[in-house]
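Each protein sequence line maps, in turn, to chains A and B. According to my numbering, the stretch in the first sequence is residues 523 to 913, in order. According to my numbering, the stretch in the second sequence is residues 1314 to 1653, in order. C-beta atoms are modelled at their ideal positions from N, C-alpha and C, and glycine is treated no differently. Since the structure is predicted, the reported quantities are computational estimates derived from the model, not experimental observations.
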Amino acid sequence: MSNHQASATPWWLNQRIRGWIAQLLVIAFVAGFFTFVAYNTQVNMQARGISNSLSFFGQEAGFSVIQSLIPYSSSSTYGRVFLVGLLNTLFVSVIGIIFASLLGLVIGIARLSSNWLLARLAGAFIETFRNIPLLLQIFFFYFAVMQVLPTARQSFDLGGLFFFNNRGVYLPRPVPEPAFWAVVIAFVVAIGGVIWLRRWARRRQEETGQPFPVFWGGFGLIIGLPLIVFFLAGMPLGWSVPQLRGFNFQGGLVAIPEFTALLLALTIYTAASIAEIVRSGILSVSHGQTEAARSLGLPNQRVLQLVVLPQALRVIIPPVTSQYLNLTKNSSLATAIGYPDLVSVFAGTALNQTGQAVVIIGITMGVYLTISLSISLLMNVYNQRVRLVER
Amino acid sequence: MQIVKIVAAGVAIVGMSVAANAHAGKTFDSVKAKGYVQCGVGTGLPGFSSVDSKGQYTGLDVDVCRAVAAAMFGDANKVRYTPLTAKERFTALQSGEIDILSRNTTWTMTRDTSLGLTFAGVNYYDGQGFLVKKSLGVTSAKELAGATFCIQAGTTTELNLADYMRSHHMKYQAVTFDTSDATSKAFDNGRCDVLTSDQSQLYALRTQLKNPEGAMVLPEVISKEPLGPVVRSDDTQWFNLVKWSLFAMKNAEWLGVTSKNVAEMKKSNNPNIQRLLGTSGEFGKMIGVSNAWAYDIISQVGNYGESFERNVGMESPLKIKRGLNALWTQGGIQYAPPIR
């Protein structure tokens, strides 16, 4: 009897099928909505005589950009402008993420230090920079710090090699000669050596219980080997030293003030947040773990490195990921001080010169979405690897 | 801030699509229905559009908005202002956020043909120039090879500079900012050697420097910059109203009708003046407003010459000479078609 009843249940009461139907309806609705918006936009733009195509990508842009990581001139195309802006955005974001992580880690640990002064200083740093809007900090570093530096002709001069002025920070730029390749090869060999060293040290520790200072050994290898090769090859490296010629310094390596100010602001603002995340991660590890590790006779640094941080990381990584995303997205504030990022040169200048608002804003949003999802993906993969493995 | 702008642009685009032709051909009607003109102006440029000590917008560009409101409603104060940067201006107009863009915008072929926009006339003939500090010791733009320029982003200025430097085989660097304020501040602080912009703007920005006497405008003018109000090209009636409001101001100056004598002039027996002030003919009707439209403009805003002198000319701190902007009868090129 019950058997008969179950088979008689009409399909529209079946929970699985109903679930599928509901999902399909939602998808159809969302797709329909976006199709409607896209179609309507197209019709309206045509009705108003606003042309809309991607053909502008091949046209000459005709304006100049102050910083580009790839060759660019005012006769380059809008496609090139897009690449220049994208690379500038990625450049400042990647460097910002690296610096903010390091600074955040140091300050987060300092905040928990038993040294009263150090902990208070870290606390003051965090509270100050986390609670001031980022745009104000960018303006502060740009207008109050970078622009009050002296003019090019009166730059701060460190030994005739380093110059600081309101046009940027000028450093000597290394110019490698052909024999420099040997040094590069030595560096690669040293990295291979470190990997081998790690394995060997682990095996030895498992067999004999003797630890080996892998960090310092590896450090010596990576610095030492290329250095020896460098001297053996007769120091195959020239330097291009910045020199004042005409209006400005020529030669050398320059960090423009727009970049420096933006990087400083992004780094410090994000580091303050990361420091709090690091602190909460460390506090989440039960004190018993620390005590247990100490009772094994491990020194403090090893306790932090082997017991506390690995457990703290699983708490730390997800919120830090969103800080990385924030930093990348916040880099678009660059346009306020003239750093040529994607939003400034592509969604700003290129949009205005071509009038292709819909296409350009669409592409820009797509790019930020892609960058954000990529960071998320990478961090999730990393999270999978470091999270606690339950045995 | 920029994210907000992007979101705003995105919302505007979605609005443009969902509103489904709500405005098509109906700007005139919608302005009439809401009872005021939404006017896009600059973010603060003395003489053209800036906020005075009483919190009122004033300037040559602002007067265009006021003239249109006077023609439409008989009241020059029925205007609401939207300050826009150079980068935002066209999207704001295209998406219907504003009804007129009156913001020292250069009339170019691309802008007139491919953006769905139409220029309604020229209220200032300008040209691009260079502002430098006197301490630099430069006297001509030809000596600017290797210099760093401060520019406002998204303007014809950026393109003209690139053309000029390329044709004179000079290398240069350009730092671009969103607002004219940030641009002049960076120039003031020495971030760049040269500030380049339309000459009218250079004179205006110079007054805001820490030491205006220490800066000078170089003699070279490297481009033609006819500046004027812009409307969407989907409503001829609205376009005609804006265009003829501007023409009425120029015709009033030609006929010697000013804000002070306009009441008396109503009794004039000069047929040109009679047609202008609506004492003969039905010219207001032709553009959908009252026949006293030009009378209202002149009595409340003044004629073109009055507006020029008050905002940028000898009665203003800018002290710009009429030059090209004098009427054609005075050696300039400002010329309005007749009302008949």
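So, with DSSP's three-state summary, where would you put residue 760(A)? strand
Status (buried if at least 16 other CB within 10 Å, exposed otherwise) for residue 1335(B): Confidence in residue 1335(B) is poor, its pLDDT being 43 and thus under 50, which makes the residue's placement too unreliable to answer from.
Give the DSSP-derived three-state secondary structure of residue 1534(B) in the structure shown. coil
Does residue 619(A) pass the burial test, meaning 16 or more other C-beta atoms within 10 Å, or should it be called exposed? buried
Mark residue 1599(B) as exposed unless 16 or more other C-beta atoms lie within 10 angstroms of its C-beta, in which case mark it buried. exposed
Contacts of residue 1626(B) in chain A (Cβ-Cβ under 8 Å): Those do not exist, as residue 1626(B) stays about 30 Å from chain A at its closest Cβ, beyond 8 Å.
Check the Cβ of residue 768(A) against every Cβ in chain B and list those closer than 9 Å, keeping chain order. 1458, 1459 and 1460
For residue 777(A), the first and last residue of its enclosing beta strand (DSSP E): 775 to 777
Which whole-angstrom value describes the C-beta separation of residue 1466(B) and residue 1609(B), a residue pair presumed to lie in contact below a C-beta threshold of 8 Å? The Cβ separation is near 38 Å, so there is no contact.
Please identify, using Cβ separations under 8 Å, the residues of the region 589 to 603 of chain A that lie next to chain B, in order along the chain. 596 and 597
Residues in its own chain within less than 8 Å of residue 1619(B) by CB, not counting five upstream and five downstream? 1566, 1571 and 1572
Per DSSP, what kind of secondary structure is residue 1376(B) in: helix, strand or coil? helix
Chain A within 8 Å of residue 1488(B), Cβ atoms only: yes
Complete runs of the alpha helix (DSSP H) confined to the region 1420 to 1506 of chain B [at least 4 residues]: 1422 to 1426, 1469 to 1480 and 1493 to 1501
Decide if residue 639(A) is buried, meaning its Cβ has at least 16 other Cβ atoms within 10 Å, or exposed. exposed
Residues of the region 852 to 864 of chain A in Cβ contact with chain B at a cutoff of 7 Å, in chain order, please. 854, 855, 857, 858 and 860
Can you tell me whether residue 861(A) is buried or exposed, with buried defined as 16 or more other CB within 10 angstroms of its CB? buried
Within 8 Å, strictly: CB atoms of residue 583(A) and residue 599(A): yes
Using the Cα positions of residue 883(A) and residue 905(A), report the straight-line distance between them to the nearest angstrom. 33 Å
How is the alpha helix (DSSP H) around residue 720(A) delimited, first residue to last? 702 to 730
With a cut-off of 8 Å, does the C-beta of residue 538(A) fall near any C-beta of chain B? no
Residues of the region 818 to 837 of chain A with a CB closer than 9 Å to any CB of chain B: list them in chain order, please. none
Contact set between the region 1388 to 1416 of chain B and chain D, restricted to residues whose Cβ is under 7 Å from the partner: Although the question refers to chain D, the structure presented lacks it and instead comprises the protein chains A and B.
Assess, as a yes-or-no matter, whether the region 662 to 672 of chain A is touched by the region 1494 to 1511 of chain B under the definition of 3 or more beta carbon pairs within less than 8 Å. yes
Would you call the CB atoms of residue 1356(B) and residue 1419(B) closer than 8 Å? no
Under 7 Å Cβ to Cβ from residue 1394(B), same chain only, skipping five residues before and after it: list those, please. 1352, 1354 and 1370
Would you report the Cα separation of residue 609(A) and residue 1478(B), rounded to the nearest angstrom? 26 Å
Interface partners of residue 780(A) on chain B, CB under 8 Å: 1488
Contacts of residue 623(A) in chain B (Cβ-Cβ under 8 Å): Under the 8 Å cutoff, chain B gives no residues; its nearest Cβ is about 23 Å from residue 623(A).
So is residue 1485(B) in contact with chain A if we call contact Cβ pairs under 8 Å? yes
Taking the beta carbon of residue 798(A) as the centre, do at least 16 other beta carbons fall within 10 Å, making it buried, or is it exposed? buried
State the Cα-Cα distance for the pair residue 1651(B) and residue 1558(B), rounded to the nearest angstrom. 13 Å
In chain order, what residues of the same chain lie with their CB nearer than 6 Å to the CB of residue 1483(B), ignoring the 5 residues before and after it? 1458
Tell me residue 1529(B)'s beta-bridge partners as DSSP assigns them. 1445(B)
Quick one, which of 1578(B), 1645(B), 1490(B) and 1640(B) has its alpha-carbon nearest residue 858(A)'s? 1490(B)
Chain B within 8 Å of residue 742(A), Cβ atoms only: no
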